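In what follows, a structure is listed as structure tokens, so that the remarks can point back to it.
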Amino acid sequence: MLVEIGHFAMILALALSATQAFFGLTGAALKRERWMSVATSAVTGQFLFLALGTATLVHAFVVNDFSVKYVANHSNSALPLFYRVAALWGAHEGSLLLWICVLGVWSIAVAWRGAKLPADYLARVLGVLGVVSFGFLLFLLTTSNPFERLLPAAIDGADLNPQLQDFAMAIHPPILYAGYVGMSVSFAFACAAMLEGRRDHLWARWQRPWTVMAWAFLSCGIALGSWWAYYVLGWGGWWAWDPVENASFMPWLAGTALIHSLIVTDKRGLFKSWTLLLSVAVFSLSLLGTFLVRSGVLNSVHSFAADPARGIFILSFLVLMIGGALALYAWRAPSLGSDVGFEMVSRESFILFNNILLAVATAVVFGGTLAPMIADTLGLGTLSVGPPYFNPSFLIPTIPLVALLSVGIHARWRRGQLSLSKQRILGTLAVAVVVALGVVYGIYGSTRLMTPIGAVLGIWIILSSLVDPLLQLRRRIALPVGVIGMTVAHIGVGIFVLGITFVESSTIERDIALARGQSHTIGGYEFRFLGVENMEGPNFDGVRGHVIVTQGNKVVADLFPDKRRYFVQGTVTTKAAIGAQWNRDLLAALGEDLGSNSWSLRLQYRPMIRFVWLGAAIMALGGVLTLFDRRYRTAPVAATASVQTTGEPVQASS
Amino acid sequence: MKRFLLPLGAFALLVVVLLVGLRHAPEREAKFVKSPLIGKPAPQFTLPQLVDPAQTFDSGSLRGGWHLVNIWATWCVTCREEHEVLLQIKQEGRVPIVGLDWKDEDAAAISWLSQLGNPYQVVLADRKGEVAIDFGVYLAPESFLIDPQGVVVEKQYGAMTVEDWRSKFLPHLTAPAKAGA
Chain A
2 MLVEIGHFAM
12 ILALALSATQ
22 AFFGLTGAAL
32 KRERWMSVAT
42 SAVTGQFLFL
52 ALGTATLVHA
62 FVVNDFSVKY
72 VANHSNSALP
82 LFYRVAALWG
92 AHEGSLLLWI
102 CVLGVWSIAV
112 AWRGAKLPAD
122 YLARVLGVLG
132 VVSFGFLLFL
142 LTTSNPFERL
152 LPAAIDGADL
162 NPQLQDFAMA
172 IHPPILYAGY
182 VGMSVSFAFA
192 CAAMLEGRRD
202 HLWARWQRPW
212 TVMAWAFLSC
222 GIALGSWWAY
232 YVLGWGGWWA
242 WDPVENASFM
252 PWLAGTALIH
262 SLIVTDKRGL
272 FKSWTLLLSV
282 AVFSLSLLGT
292 FLVRSGVLNS
302 VHSFAADPAR
312 GIFILSFLVL
322 MIGGALALYA
332 WRAPSLGSDV
342 GFEMVSRESF
352 ILFNNILLAV
362 ATAVVFGGTL
372 APMIADTLGL
382 GTLSVGPPYF
392 NPSFLIPTIP
402 LVALLSVGIH
412 ARWRRGQLSL
422 SKQRILGTLA
432 VAVVVALGVV
442 YGIYGSTRLM
452 TPIGAVLGIW
462 IILSSLVDPL
472 LQLRRRIALP
482 VGVIGMTVAH
492 IGVGIFVLGI
502 TFVESSTIER
512 DIALARGQSH
522 TIGGYEFRFL
532 GVENMEGPNF
542 DGVRGHVIVT
552 QGNKVVADLF
562 PDKRRYFVQG
572 TVTTKAAIGA
582 QWNRDLLAAL
592 GEDLGSNSWS
602 LRLQYRPMIR
612 FVWLGAAIMA
622 LGGVLTLFDR
632 RYRTAPVAAT
642 ASVQTTGEPV
652 QASS
Chain B
5 MKRFLLPLGA
15 FALLVVVLLV
25 GLRHAPEREA
35 KFVKSPLIGK
45 PAPQFTLPQL
55 VDPAQTFDSG
65 SLRGGWHLVN
75 IWATWCVTCR
85 EEHEVLLQIK
95 QEGRVPIVGL
105 DWKDEDAAAI
115 SWLSQLGNPY
125 QVVLADRKGE
135 VAIDFGVYLA
145 PESFLIDPQG
155 VVVEKQYGAM
165 TVEDWRSKFL
175 PHLTAPAKAG
185 A
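Top to bottom, those sequences are chains A and B.
Just so we're aligned, residue 2 is where the first sequence starts under my numbering, counting upward by one.
Just so we're aligned, residue 5 is where the second sequence starts under my numbering, counting upward by one.
Spelled out as structure tokens, the structure:
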């Protein structure tokens, strides 16, 4: 009965999303205040019904109600409670429900925080969000209903995919979706500005914090997914350029471009139409990701059960939303001129390069992701596009991107006077070269060309991000929170670059057969295999190996890699054991039992892999910090006057 | 003015590509899910029979005639849906069905068969699920069509349906057997 109530609540939420869309958009168009306030109330109502619907399904998981088909297919009574709740988003239907709920949370946050926005602008934003919500609710109810009953009820459930029974994987979808869905808020702000036909650029300031927030979530979500793949899939890889990974990476790349172009539009009133187009593009890439993952047009290791009927629905939705937004763009953008110009060497032009290079990087990923499908469609045969394409192609735009960051960070708005910063640029570069070469040849001894290049670029970013703020602090000039956030985020980029450089060039990996008591040495670490023992878990059994790692005479890691067999689905999973330290990971995974106490083992030494996720987390932290900047706390209407006068603090002071 | 229409045009092109890709998706899916066992000899095994554990069944017995090996269990919900179809296949009498009862309790399996009817020529008890692993099963039910040479020629992932039986499986049985397919 409860689940039927939940189902009904979702139908009511659908009706309210239609109400929100209609009254928001027409209310603003007809300038009827009552209508516009209906949209705001509809957001709250819709949120309550979404919460109710989701709660009934969570309840069904918690009490093991196997008369609900979705629960029977994706949970099991032996599954620990935490994973029974997380099983809600373990497959297509429930994750779509999560998508919608996250949108509900974002919408109510916009309705609540946006009280200071002009009423008709807010109504349009909520109206667009209502359209998005309506589309997804309709999709859920017509093609992917998680509230469906199963008669007769199952005795027990088919269990959650064992690889998803993991902490990082349980929290990865909500955070990733917060990012994906947050981009629809950014989209709604841009659409509202276009619908209204605004010629100013105030919307950019209103849109900025929401976009940055969504971008920070997306960064964390992708990093969590990568971390999960690293320690659960057991082969030590952290990024495989899989279509599903790319589907989340493309909105991130375009989103990174967007948060930068928004700064220019907000502060200088430039790039208006480009920023609008980028906002539409980021959301399109999020939707496209949903389409690619759920329609079966691409094959991936971790896609959802594919269903072309769902594909048709998402594609139609994509055509309506994105086609509509782009038509709106074609209509409105021509009237958006720029009132001011900028010189060749200025902060504006560096952000322009940043945007161009990020757009190229997005195109590289986009092309590689869609190429197999296009080749197959044209009858060119089955094509597999993997790291051999992505790794080198991706470096072409990203190397100049990070190099220009270290130079452009010193540039000022409007006018070019890089010669003044010449000292800082060359100084930081010289220090970076010395430190990087010392680390590369002194510690790691790599012979690859990319290693010193990556190390120099990474260190250079960190130094050049720090130099301007530090010089200001020395002159006792307080730093605005926005500048601190930017600095932190850019340091994150540097750490990320360093992580990738060293993990890609200095990893050592060996597959080797070891009998009990035997050992093997890689990279100065001696891995000794001490045999295996049986183990039992709540819903699995298996064997656990023991590997002791010593360096010199000191034990540095005690590793227990295991191999589990989950009862219900009979799946065998390999869990690698990782001895982590800030600057390196030691990893051991069990392969096959070769008999007579001998096993095949995979041993790895991965330097600085932690820097990859740490870098991503620091970038996200930097983004979040900028949200606390004073400029977002001032009332938006009052901010009009200060738009041109609020200069960049760095410029004002030096 | 025209340059602002460019994104819309590019998007239209993308939609066409996606639409064509979507039309091809089912074929691609079929290619993808096909078991690597197809065209290869069925795994070797020896298992006790469900009704009389003292008697064993050897994979060698699969040779000499067509067999449909069906992996099922009483805890498997979809197997219950599939059961009706298996009974129909038995009635048609084109091919004997060998049931592989996967990680199940014997008593539950026997009472299931007496209640719902027994479509199988013989039921084998794979209590630890080891044979199912050799078959590459990861979710019941699954079915494998094995030719008289003991080679797997077709696989059903999930429940057998009447349509799939007619379109995918029956043609193998009516066509003259190709050696080493």
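Backbone N, C-alpha and C fix where the C-beta goes; we use that ideal spot for every residue, glycine too.
No experiment lies behind these values; they were computed from the predicted model shown.
Suppose the cutoff is 7 Å on Cβ atoms and the five residues either side in sequence are ignored; what does the same chain contact list for residue i look like?
i, result
"A437(A)", "P453, A456, V457, I460"
"W100(A)", "F137, Y178, V182"
"T641(A)", "The predicted model places T641(A) with a pLDDT of 42, which falls under 50 and marks its position as unreliable, so this point remains unresolved."
"L263(A)", "A205, Q208, R209, T212, T276"
"V302(A)", "In this prediction, V302(A) has a pLDDT of 45, which is less than 50 and means its spatial position is unreliable; nothing more can be read from the coordinates."
"S385(A)", "P373"
"A404(A)", "L458"
"D138(B)", "P47, F49"
How about residue i: is its C-beta nearer than 8 Å to some C-beta of chain A?
i, result
"L128(B)", "no"
"F8(B)", "yes"
Closer than 6 Å by C-beta to residue i: which residues in its own chain qualify, once you throw out the five before and the five after it? Chain order, please.
i, result
"I509(A)", "I523, G524, Y606"
"S655(A)", "Note that S655(A) scores 31 on pLDDT, short of 50, meaning its location in the model is unreliable; the coordinates nonetheless yield the value given after this. If we look at S655(A) and ignore the five residues flanking it on each side, it has no Cβ neighbours."
"L123(A)", "G115"
"L515(A)", "F530, L602"
"L196(A)", "R125"
"F48(A)", "G105, I109"
"A248(A)", "G290, L293, V294"
"A171(A)", "A87"
"H87(B)", "L120"
"D121(A)", "A29"
"T60(B)", "T50, P52"
Which residues does DSSP list as the beta-bridge partners of residue i?
i, result
"I619(A)", "Beta-bridge pairing links I619(A) to no other residue."
"H71(B)", "I150(B)"
"G555(A)", "The question names Gly, yet the displayed sequence has Lys at residue 555(A). Q552(A), per the DSSP bridge assignment."
"H521(A)", "F528(A)"
"Y330(A)", "Y330(A) pairs with nothing; no bridge assigned."
"A514(A)", "S601(A)"
"N535(A)", "V544(A)"
"E158(B)", "L149(B)"
Quick one: does residue i have its CB under 8 Å from some CB of chain B?
i, result
"V320(A)", "yes"
"T143(A)", "no"
"I375(A)", "yes"
"A657(A)", "Nothing can be reported for residue 657(A): it is not among the residues displayed for chain A, which extend from 2 to 655."
"T378(A)", "yes"
"I313(A)", "yes"
"F284(A)", "no"
"A88(A)", "no"
"L80(A)", "no"
Note down, in chain order, every chain B residue with its Cβ under 7 Å from the Cβ of residue i.
i, result
"L196(A)", "Within 7 Å Cβ-Cβ: nothing; L196(A) doesn't reach chain B, min ~16 Å."
"A73(A)", "V81"
"L151(A)", "V81"
Residues of chain A with a CB under 7 Å from the CB of residue i: which are they?
i, result
"P11(B)", "L278, L327, Y330"
"V73(B)", "Correct list: empty, because the minimum Cβ distance to chain A is about 16 Å."
"W79(B)", "I156, D157"
At 9 Å on the CB atoms, spell out the chain B contacts of residue i, in chain order.
i, result
"G324(A)", "L12, F15, A16, V19"
Can you pull the chain B residues whose beta carbon is under 8 Å from the beta carbon of residue i, in chain order?
i, result
"W316(A)", "In the sequence on display, residue 316(A) carries Leu and not Trp. In chain order: V19, L22, L23, L26."
"F292(A)", "L22"
Can you give me the Cβ contacts of residue i inside the same chain, cut-off strictly under 8 Å, excluding the 5 residues immediately before and after it?
i, result
"S597(A)", "A516"
"I150(B)", "A46, L66, W70, H71, L72, V73, V156, V157"
"H173(A)", "G222, L225, G226, W229"
"I492(A)", "I462, I463, S466, L467, I619, G623"
Any chance you could list the alpha helix (DSSP H) runs of at least 4 consecutive residues sitting entirely within the segment 142 to 207 of chain A, in chain order? 168 to 197
My parser needs the beta strand (DSSP E) runs of 3 or more residues fully inside the segment 344 to 415 of chain A; what are they? none
At which residue ranges does the segment 417 to 441 of chain A contain complete alpha helix (DSSP H) runs of 4 or more residues, listed in the order of the chain? 419 to 438
In chain order, which continuous runs of the alpha helix (DSSP H) of length 4 or greater are located wholly inside the segment 108 to 137 of chain B? 110 to 120
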